[in-house]
Amino acid sequence: MTRCGRRRCRCSQTGCLVALGTVRETWAPIVCLGVFGVMGMVWNVNQATLTQQRAPTEMLGRISAAFRTLALAGTPLGALLGGAAAAGWGLNTPALLAAGLFVLGAASLGPLIN
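Spelled out as structure tokens, the structure:
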């Protein structure tokens, strides 16, 4: 995947999160969650391909396992924080908060993975 493709993937997911938090139409969650899921699949394939290309063969299993562990380890904490944000500030807050975190993540990690 090219640099432009990775940026498009990150921007698409961020845009979906912003739309989920702001658009009140019935179609918005259906379209946004569909696009978000497809872009997530594209990102996962890209990450696995880059790992296989760049990691030393003898370290590939350990690097893949470490990446997956770190990627999934924060899920329970994110669910708790998202629930607290929804309870405190409304149901649209978790999507907007996640969009902000995507922007921060893309800005800080973008130069490293491009």
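Heads up: the sequence shown begins at 392 in the working numbering, then just goes up one per residue. Backbone N, C-alpha and C define an ideal beta-carbon position, used for all residues, glycine too.
In the structure shown, the three-state DSSP call for G491 is helix. Residue burial annotation: P485 is buried, with at least 16 other C-beta atoms found within 10 angstroms of its C-beta. C-alpha of G491 to C-alpha of L468: approximately 17 Å in a straight line. Nearest C-alpha to F427 among S403, A419, T417 and V409: S403. One alpha carbon belongs to A470, the other to V409, and they sit about 18 Å apart.
Proximity to L411 across L488, A498 and W434 peaks at L488, based on C-alpha coordinates. Around the beta carbon of T405, a 10 Å sphere encloses 16 or more other beta carbons of the protein chains shown; the residue is thus reported as buried.
With fewer than 16 other Cβ atoms from the protein chains shown falling within 10 Å of its own Cβ, R445 counts as exposed. Contact between R401 and F493 holds: CB atoms are separated by about 7 Å, below the 8 Å threshold.
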